[in-house]
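Novice: Can you keep this structure in mind? I'll have questions shortly.
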Amino acid sequence: MENNQMYTLVFGVSVFDICGFTDSNYRCNDSNPGKVRTSFGGVCRNIAECMSRVGVNTQFISILGDDEAGKAMLEHSKQMNYDMSNSLIIEGGHTPTYMAVLDEHGEMVSAVVDMKIIDKFTTEFIDSKADIIRNAEYMILDSDRPDIVEYILKNFSGNTKFILDPVSAAKAKEIKHLIKYFHTIKPNRYEAEIMCGMKIKNDEDLRKAGRYFIDLGIENVFITLDEDGIYYNNGVEEGKIKANDVKVVNVTGAGDSFVAGIAYGYANKCSLIDTLKFAISMSTITISTEETIHPEMGTDLVKSYVNNINWSEVKFDK
-9 MENNQMYTLV FGVSVFDICG FTDSNYRCND SNPGKVRTSF GGVCRNIAEC MSRVGVNTQF
51 ISILGDDEAG KAMLEHSKQM NYDMSNSLII EGGHTPTYMA VLDEHGEMVS AVVDMKIIDK
111 FTTEFIDSKA DIIRNAEYMI LDSDRPDIVE YILKNFSGNT KFILDPVSAA KAKEIKHLIK
171 YFHTIKPNRY EAEIMCGMKI KNDEDLRKAG RYFIDLGIEN VFITLDEDGI YYNNGVEEGK
231 IKANDVKVVN VTGAGDSFVA GIAYGYANKC SLIDTLKFAI SMSTITISTE ETIHPEMGTD
291 LVKSYVNNIN WSEVKFDK
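The numbering used here puts the first residue of the sequence shown at -9, with every later residue one more than the last.
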């Protein structure tokens, strides 16, 4: 692949989301008045869009059907300025789709997930994208297809730096034997417990987990702690950082925007703390709106948050 400009590669699933919100008194086995909203989702797709919104040169390899949802997603990627041209398009396939019904309280009462198409990812397809993987400065992965993740890590280790978003504790269990291949990991507390094999109840446990990951050769460890902020360790700097007085409307997408903020910090050679503040600010913007991605997400907005957030920082002595 001829590309002199540095780029970050995201690899993973795109999802077409359909959500129905009932007006009142949800009734099972009946047609409920309400509103229906569609949007583009998927952890990796969200990460890719958020990265492009803050100016990171973004390649995104995904898998889509050649249906209307897939075509719309490709068109949207062009509008958002991230490159999906190397994605796998399955003729006659159904783009991954999530359909949910929520009651008048916003609680999900039922959902259907169609993700069969992701089984079409093959090692042969990965091999066909070898140059794009090798030339990426960083590659972001989740754990939806542990077998494909393992193939990528073992065949391209040393060519690019890998960033992991485990996505869930159950999926983290499937790839815990692979975490030594990653440059950066971003588990939450529960995912970190699965991957390091110990409970994390306090700061002492956090630090033990951090040392465990650093000793494996991981360069940057970021453990998200919900309202307690972020634990970080890069073998030299270690501590916790938190944004105070945060307005929470909807936490969906917060982790995705955080990873995008990490990618921004890496692409712009920011310090560890500046990278974290940018990433946390992106998350803070995300959870302030009902949307999974804030419609005004951009570099200027994030920088204004960085400057105006009331930060709490704890640094641990080595």
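From the three backbone atoms N, C-alpha and C, an ideal C-beta is built for every residue, glycine too.
Is there contact here, the region 161 to 171 with the region 30 to 39, by at least three beta-carbon pairs under 8 Å?
Specialist: The region 161 to 171, when compared against the region 30 to 39, does not touch it at the 8 Å Cβ threshold.
Novice: Would you mind giving the Cβ-Cβ distance between G219 and I231, rounded to the nearest angstrom? I have them listed as a contact below 8 Å.
Specialist: Translated into positions along the sequence shown, residue 219 becomes position 229. Translated into positions along the sequence shown, residue 231 becomes position 241. Sure, about 5 Å apart at Cβ, within 8 Å.
Novice: By Cβ distance, which residues of its chain are closer than 8 Å to K119, with the 5 residues on each side in sequence left out?
Specialist: Here residue 119 refers to the residue found at position 129 of the sequence shown. Hits under 8 Å: I51, N76.
Novice: In terms of residue numbering, what span does the alpha helix (DSSP H) encompassing S118 cover?
Specialist: Working through the sequence shown from its first residue, we reach residue 118 at position 128. Here the alpha helix (DSSP H) through S118 covers 113 to 118.
Novice: In angstroms, rounded to a whole number, what distance separates the CA positions of T309 and K198?
Specialist: Shown here, the chain extends from -9 to 308; a query on residue 309 therefore has no answer.
Novice: G45 to Q69, Cα distance in whole Å?
Specialist: Stepping through the sequence shown from its first residue, residue 45 is reached at position 55. Stepping through the sequence shown from its first residue, residue 69 is reached at position 79. When rounded, the distance between both Cα atoms is 13 Å.
Novice: Secondary structure at E58, three-state DSSP: helix, strand or coil?
Specialist: As a first step, residue 58 is located in the sequence shown; it is residue number 68 there, counting from the start. Correct three-state label for E58: helix.
Novice: So for E(-8), helix, strand or coil by DSSP?
Specialist: On the sequence shown, residue -8 is found 2 positions in, with the first residue counted as 1. At E(-8) the pLDDT is 40, less than 50, meaning the model places this residue with poor confidence and gives no usable figure here.
Novice: In whole angstroms, what separates the C-alpha of V102 from that of V241?
Specialist: Your numbering for residue 102 matches position 112 in the sequence shown. Your numbering for residue 241 matches position 251 in the sequence shown. Taking the straight line from one Cα to the other gives about 21 Å.
Novice: For A253, which residues from the same chain have a beta carbon less than 6 Å from its beta carbon, with the 5 sequence-adjacent residues on both sides left out?
Specialist: Position 263 of the sequence shown, counted from the start, is the residue given in the question as residue 253. Answer for A253: T(-2), M41, V46, listed in chain order.
Novice: Let's test the definition: count the other Cβ atoms within 10 Å of the Cβ of H167 and tell me whether it reaches 16, buried, or not, exposed.
Specialist: Counting from 1 along the sequence shown, the entry for residue 167 is found at position 177. Its Cβ having fewer than 16 others within 10 Å, H167 is exposed.
Novice: Once you ignore the five residues that flank E227 on each side, which residues in its own chain have a CB closer than 8 Å to its CB?
Specialist: In the sequence shown, the residue the question calls residue 227 occupies position 237. Within the same chain, E227 has close Cβ partners L262, I263, K305.
Novice: Assign A126 to one of three DSSP states: helix, strand, or coil.
Specialist: In the sequence shown, residue 126 corresponds to position 136, counting from 1. The answer is coil: DSSP assigns A126 none of H, G, I, E or B.
Novice: Pull up the distance between the alpha-carbon of T276 and that of D246, whole angstroms please.
Specialist: Locating residue 276 in the sequence shown gives position 286, counting from the first residue. Locating residue 246 in the sequence shown gives position 256, counting from the first residue. Those two C-alpha atoms are separated by around 9 Å.
Novice: F30 bridges to which residues according to DSSP?
Specialist: On the sequence shown, residue 30 is found 40 positions in, with the first residue counted as 1. DSSP, once it has assigned bridges, lists F6 as partnering F30.
Novice: Our contact map puts I153 next to V249 with C-beta atoms below 8 Å; I'd like the distance itself, whole angstroms only.
Specialist: If you number the sequence shown from 1, residue 153 lands on position 163. If you number the sequence shown from 1, residue 249 lands on position 259. With 8 Å as the limit, I153 and V249 qualify as a contact, their Cβ atoms being about 7 Å apart.
Novice: Scan the region 184 to 240 and note each continuous beta strand (DSSP E) run of 3 residues or more that stays entirely inside, going in chain order.
Specialist: Whole beta strand (DSSP E) segments, 3+ residues: 210 to 214, 220 to 223, 228 to 234.
Novice: For K177, is the classification buried or exposed, using 16 other Cβ atoms within 10 angstroms of its Cβ as the cut-off for buried?
Specialist: Reading the sequence shown from its first residue, position 187 is the one you call residue 177. Checking the sequence, you will find Pro at residue 177 rather than Lys. The residue in question, P177, is buried, as its Cβ has 16 or more Cβ neighbours within 10 Å.
Novice: In three-state DSSP terms, what is V157?
Specialist: Working through the sequence shown from its first residue, we reach residue 157 at position 167. It is coil, neither helix nor strand.
Novice: Report the three-state DSSP secondary structure of M272 (helix, strand or coil).
Specialist: Taking the first residue of the sequence shown as 1, we reach residue 272 at position 282. It is helical.
Novice: Go ahead and label E114 buried or exposed: buried means 16 or more other beta carbons lie within 10 angstroms of its beta carbon, across all protein chains shown.
Specialist: Here residue 114 refers to the residue found at position 124 of the sequence shown. The residue is exposed, with fewer than 16 neighbouring Cβ atoms inside 10 Å.
Novice: Would you be able to state if there are at least three C-beta pairs under 8 Å between the region 128 to 136 and the region 84 to 94?
Specialist: They do not touch, by the three-pair rule.
Novice: For a test of the three-state rule: what should DSSP assign to D13, helix, strand or coil?
Specialist: Counting from one through the sequence shown, the residue named residue 13 turns up at place 23. Here D13 sits in coil by DSSP.
Novice: For F306, list the residues DSSP reports as bridge partners.
Specialist: Walking along the sequence shown from the start, residue 306 turns up at place 316. Its beta-bridge partners do not exist; DSSP assigns none.
Novice: Once you ignore the five residues that flank T265 on each side, which residues in its own chain have a CB closer than 8 Å to its CB?
Specialist: On the sequence shown, residue 265 is found 275 positions in, with the first residue counted as 1. If we look at T265 and ignore the five residues flanking it on each side, its Cβ neighbours are G251, I252, Y254, G255, Y256.
Novice: Quick check: L131 and K170, are their CB atoms within less than 8 Å of each other?
Specialist: If you number the sequence shown from 1, residue 131 lands on position 141. If you number the sequence shown from 1, residue 170 lands on position 180. No; because the gap between Cβ atoms is not below 8 Å, this pair is not in contact.
Novice: Among I270, L291, S294, which residue has its Cα nearest to the Cα of E303?
Specialist: Numbered from its first residue, the sequence shown carries residue 303 at position 313. It is I270 whose Cα lies nearest to the Cα of E303.
Novice: Select from T274, A126, S4 the residue whose C-alpha is nearest the C-alpha of M(-4).
Specialist: On the sequence shown, position 6 is the one that residue -4 refers to. If we check each option's Cα against that of M(-4), A126 comes out closest.
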